[in-house]
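Take any residue in the sequence shown, note its place counting from 1, add 1234, and you have its number in my numbering.
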Amino acid sequence: MDENVFFREITMRICSHLEIEEGLHSCMQYLAQHMPADRIYLERYEPELSSMRVVACATAERGEIMDVLVPVTQFASAALGKLAESWRAGELPSVFVVNRPNEEPVTRSMLTALDLPMSSAMSLPLISHGKVLGALALLAEGNDRYSDEHARLYSLLKDPFFIAMSNTLKHREILLLKELLADDNRYLHGELRRISGEEIIGANFGLRDVMMKVRQVSTLDSPVLLSGETGVGKDVIANAIHYSSPRNEGPFISVNCGAIPDTLIDSELFGHEKGAFTGALAQKRGRFERADHGTIFLDEIGELPLAVQSRLLRVLQQREIERVGGSSTIKLDIRIIAATNRDLREMVRAKEFREDLWYRLNVFPIEIPPLRDRRSDIPELVHHFMKQKARELKLPAVPPLASGTMEKLNAYDWPGNIRELQNLVERELILYPRGPIAFDQLTPEPVSEAARDQSTEPGTVTNLDTVISSHIRHILQRTEGKIHGPGGAAELLGINPSTLRNRMKKLDIPFGRQNDLDR
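Written as structure tokens, this is what we have:
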């Protein structure tokens, strides 16, 4: 048999299969044509366990992955150590031939453990830096089955099978890491559900109409546009749509469009290639790409610059993106949920939002009512937040509410909505961990003097912007103009500072250098 032909054929067979058992089976079929061969085993030595782990095996009929740990006797373990020493000293042939298995402890131990008949064996040690990593063992039943010519040909398998063993171990490590990643992903999804609440508070009362729409659209892939004031729980409704959809095992990627600087938003949403710009040291997947086979939630969509809106329109229409600095098109399978606290229709008229994008997003709009329009849910929300925050703050028990507290909460207009209520509950629990909880810091004075006088007249209705403007001014007086940071107006109102500034700008409330208020 020509050595070059033999080596080339074996190398092609082991390297042409991604799965090691298939490559081993193909090699076994070829070996059986040129030498005695009943079975072949790929083994890895694990000295810390004093064992050989069978990774894969093959017969002429089939190959299979194995994960069998075969303990090596103390005597056999010592023999392996001597084998490595002899190999380093150059005192052993490249192939270890055993034609009388009863007389060799390592072979006898392996055959007995695998419940195989006594067989002649050729073992090709896989040794690196003087350490036995494993072996490739070829078996043929009976004694005296292998000759020096067989050993010469078999020794040619050393390099291709050493590479195959390394690749197999790396492949198994990757599969294990993939399993761990999938398990972590499932755990994090569960945590997200627990944090956001699997049960939507108010689903049977104030949010009944909203949840009916959620059930209608969750099984589809149509875009959904959630609208409502800041703090009403748009993110919770987006979670509910995703986790009740067929995509619930896929990723749920949330993006706060108002929190990403304009210079970084393309890279964050669409990703970039290495070298696309200064600082792009490696390729990066964007949020859209990470949401593939799942859902992407674009919160505060009204804050997107017009240039980015144009690129978002392409994603909606064609379900494809290009990374910054890239030329290849990446196809996506995603569901888009957008949310805003702004009037997109008015923004379209003011040329601040693309009309065609609004039409694409507004396929299935869901308006989430503010807390003042669903006051019947306040007791249940308070009860839920108190249990949740007491657990997070590690309180021994949920403190009781003071008498008349619910009437006080129901009389308040909640400009910060559910987020304001949640923050207020947490603050009260920090201040009064043993109770009773009375919400004495709540200051229900949201209307101005003019509005209060007007509201006393029968049949009069106070303009909502007037009420909100008066309440914001009142809070700013309490914080001495401080908007951002601990104790600032944004924290007291339970909203994002940038959202508060936008609301103040819309209501013509001075801040910043205009009135030396924003600090």
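Note that the Cβ used here is the ideal one computed from N, Cα and C, for glycine as well.
In this structure, I1564 places its C-beta atom within 8 Å of the C-beta atom of I1555.
The Cβ-Cβ distance between A1631 and A1472 does not fall below 8 Å.
In this structure, K1392 is the residue among K1392, R1548, R1379 with its C-alpha nearest to the C-alpha of L1360. If you draw a straight line from the Cα of F1673 to the Cα of D1455, it comes to about 43 Å. If you ignore the 5 residues before and after P1613, its C-beta comes within less than 7 Å of the C-beta of M1640, all in its own chain and listed in chain order. When beta bridges are read from the DSSP output, V1366 appears opposite I1361. Restricting attention to S1562, I1568, D1533, F1395, the CA atom closest to the CA of P1480 is found in I1568. Across the structure, F1522 and K1404 are spaced so that their CA atoms are roughly 30 Å apart.
I1494 sits away from E1507, with the two beta carbons spaced by 8 Å or more.
Its Cα nearest to that of R1553, the residue G1528 stands out among K1621, G1528, P1539. In this structure, I1729 lies away from V1466, with their beta-carbon atoms at least 8 Å apart. Rounded to whole angstroms, the gap between the alpha carbons of D1647 and K1623 is 23 Å. Contact annotation: L1546 and L1540 have beta-carbon atoms that are not nearer than 8 Å. Residue environment for T1341: buried (at least 16 other C-beta atoms within 10 angstroms of its C-beta). When only Cα atoms are considered, Y1380 and M1269 end up about 8 Å apart. Per the coordinates, the alpha-carbon of P1305 lies some 58 Å from the alpha-carbon of E1660. Burial state of A1371 is buried, judged by a 10 Å Cβ sphere holding 16 or more other Cβ atoms. In the structure shown, S1704 falls within a helical segment according to DSSP collapsed to helix, strand and coil. Out of K1468, L1605, P1394, the CA that lies nearest to the CA of S1250 is found in P1394. R1712 and L1627 have their alpha carbons spaced roughly 27 Å apart. Taking the C-beta atoms as reference points, V1331 is found no nearer than 8 Å to A1369. Per DSSP, the continuous beta strand (DSSP E) segment holding G1297 begins and ends at 1297–1305. Judged by pairs of C-beta atoms under 8 Å, the stretch 1238–1255 touches the stretch 1287–1306, as three or more such pairs exist. Taking 4 residues as the shortest admissible run, the stretch 1510–1566 contains the following complete alpha helix (DSSP H) segments, listed from N- to C-terminal end: 1521–1524, 1540–1552.
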